[in-house]
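Step one of this worksheet: look at the structure below.
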């Protein structure tokens, strides 16, 4: 099954750029301290973990949301925004909207982690639920926009979102430079729709970029190998990586990834759980399943490490019972 | 029961100073990036959490150990060091010793968390075990020093250790200043023997300092109220806060705390567990029981908050099974 991106949702035809990433990074720097870049030794080599789970909403998504919402015109801001998200982007948009006084409606899957639903509502956003298997979230958002007006803030298929997420790469470059290290020469990113991967590809133009997806939700990996956008085949395929459950990447993301020769890597449930436990024991960070995919690829030996490898720990929003089960397992 | 500090272990009669804290902070800054200072909103007020659990050894103890070991003479360094610790100081000393090529022996309780014992040995230190209830760790260390020579690196009763731990306060002041905030005007610290509390009292001379201890191990609280050093009465009193299980503070710590009018607050097991869960859900940080005591005091409403309150999240070394049990509880 191939889902076509609904054209009315493309908020802009412009391509994201490195200059845009740098502008986003400057705006983010005014608001948020850099997240730590934590060294982790693996078999005698040091990798650099970008702890995005320490962002105020517990994920890197606050970056793109802030860049997008601060670029709205006063008229657009007054009309409000509609976000589409499994939870982390939801919180990012809701957080930015609250801070800027912009009305926000977020389309979220009904089976999103309770913590993510509650946190989004607590930030003052209206949440509209959809069924992940039987409904298209983009179609639900399109209907809302047709009824109410406002601006779509897509979770990944948007040049502002891509540029905003890329600001993590600008920070990492500065943090490595402060330690006297050139790089990164390799970036390993958790990948859902490809917003973060594309942003980091722009931010780190000299680095090898690897996008890591969970088993069953490997559409970007297959798309990059095939040279065309393919979709997830079984939308009911079970995964714990709710943050990476995107049916299909968008042309704006795919174009960046393809131009940079990005390749995909797929990790299993057990590899992700192992990485979450490693983050617990060695970094003392709570990382959600989708946020641990990149580290999982490294720990599972699925990537030949570079000299200065950047790994995203992209989110930490996981229900405590679920986390306890994974730790004990 | 009152234990007297064995005089031969007093590594120096000099008092710790703010100038010493500043010198320690400069040395630490050459080696380690600042740990994040994370805002946390509580009932509409923001407190500032110093995430020391993100240090390379998972606790602030790396600060004092680095300050002490880098000030050894070449002859002292060659003769090695002996540390005494429930686990976090052990790792701090072992980490610094490994980096500096100094032989290290650490006296640790036989019931220390497995993770702490394993991590200390993995850093190359020799571990000598003692029984927390029937033996005095200071006596075991004194015997080792008499047999082997070397320099004692006490976990708290040492001017270098106090100054080194205080470097966290120098960082916090700079981090608040970068956000345009004067302060801290209040520092709430997890307290075992009083090394961190005394260091922060020196680092933040204008702040109110509150030392938080776990139920049953409240000797500093009682000592400050009584105006003289008292000991823990029941060394078998159960607590999950292994990092704060110190039988008695030392005169060098007590003098600083008393001069600054520090007062103690005591938290229960359930209050500590609640704080650990809050750190998980809201900050995505793994905090061990002893590292969550200060936050527990705030969340339990046992402290009237200041305008700019600094709270230490002082360590994150907790066994995964234990943590899972606490999360699920």
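Residue numbers (my numbering), protein chains in the order written: chain S, 839 to 1167; chain C, 839 to 1167.
In this text, a Cβ means the ideal position worked out from N, Cα and C, and glycines have one as well.
Contact set between residue 1158 of chain S and chain C, taken where Cβ atoms lie within less than 8 Å: Neighbours of residue 1158 of chain S in chain C, taken as residues whose beta carbon is under 8 Å from its own, are 1115, 1118, 1119, 1165, 1166 in chain order.
Does the Cβ-Cβ distance between residue 1134 of chain S and residue 1100 of chain S come in under 9 Å? no
Any C-beta of chain C within less than 7 Å: which residues of the segment 915-931 of chain S qualify? none
Residue 952 of chain S burial status per 10 Å Cβ neighbour count (16 or more: buried): exposed
Any beta carbon of chain S sitting closer than 9 Å to that of residue 1154 of chain C? Judged by the 9 Å Cβ criterion, residue 1154 of chain C is in contact with chain S.
Three-state secondary structure (DSSP) at residue 884 of chain S? strand
Where does the unbroken alpha helix (DSSP H) through residue 866 of chain C begin, and where does it stop? 856-869
For residue 1057 of chain C, name the three-state secondary structure that DSSP assigns. In the three-state DSSP reduction, residue 1057 of chain C falls in the helix class (H, G or I).
Range of the contiguous alpha helix (DSSP H) that encloses residue 1133 of chain S: 1131-1137
What does DSSP give as the partner residue(s) for residue 1024 of chain S in the beta ladder? S:1046, S:1147
Select from S:1153, S:886, S:862 the residue whose C-alpha is nearest the C-alpha of residue 1030 of chain S. S:1153
For residue 1158 of chain C, which three-state DSSP category applies? helix
Starting from the Cα of residue 936 of chain C, find the closest Cα among C:949, C:958, C:922 and give me that residue. C:958
Short CB-CB distance (under 9 Å) between residue 873 of chain C and chain S: yes
Are residue 931 of chain C and residue 899 of chain C close, meaning C-beta to C-beta below 9 Å? yes
Under 7 Å by beta carbon: chain S residues contacting residue 1122 of chain C: 891, 892, 896, 1123, 1124, 1154
At a Cβ cut of 9 Å, what residues of the segment 1010-1042 of chain S count as close to chain D, listed as they run along the chain? In the displayed structure, chain D is absent; the protein chains listed are S and C.
Cβ contact check for the segment 1129-1145 of chain C and the segment 887-902 of chain C: 3 or more pairs under 8 Å: Cβ pair count under 8 Å is three or more, so yes.
Buried versus exposed, by CB contacts within 10 Å (16 or more), residue 882 of chain S: exposed
In or out: residue 894 of chain C buried (at least 16 other Cβ within 10 Å) or exposed? Per the 10 Å Cβ criterion, buried.
Against chain S, which members of the segment 947-968 of chain C pass a CB distance test of less than 8 Å? 953
Can you tell me whether DSSP reads residue 1051 of chain C as helix, strand or coil? strand
Report yes if the CB atom of residue 1123 of chain C is closer than 9 Å to the CB atom of residue 1149 of chain S, and no otherwise. no
Cβ neighbours of residue 1045 of chain C in the same chain (closer than 6 Å, five flanking residues each side left out): 1022, 1023, 1024, 1025
Could you tell me whether the segment 870-885 of chain S touches the segment 1009-1021 of chain S, using the rule of 3 or more Cβ pairs below 8 Å? yes
Nearest by alpha-carbon distance to residue 983 of chain C: which of C:1115, C:914, C:1027 is it? C:914
With distances taken Cα to Cα, identify the nearest neighbour of residue 1082 of chain S among S:1070, S:921, S:1093. Comparing Cα positions, the closest option is S:1070.
I'd like to know if the segment 1086-1098 of chain C and the segment 1106-1118 of chain C are in contact, where contact means that at least 3 CB-CB pairs between them fall below 8 Å. no
Using beta-carbon positions only, say whether residue 1103 of chain C and residue 1041 of chain C come within less than 9 Å of one another. No, the pair does not count as a contact, with Cβ atoms beyond the cut-off.
Among C:886, C:1080, C:1057, C:865, the one whose alpha carbon lies nearest that of residue 927 of chain C: C:1080
Backbone secondary structure at residue 872 of chain C - three-state DSSP: coil
Find out if the Cβ-Cβ distance for the pair residue 943 of chain S, residue 964 of chain S is shorter than 9 Å. yes
Nearest candidate by alpha-carbon position, reference residue 962 of chain S, set S:989, S:947, S:933: S:933
Under the three-state reduction of DSSP, which class applies to residue 913 of chain C: helix, strand or coil? helix
Tell whether a beta-carbon distance below 9 Å holds between residue 901 of chain C and residue 1036 of chain C. no
Going along chain C, which residues have a C-beta under 8 Å from residue 876 of chain S? Result: 892.
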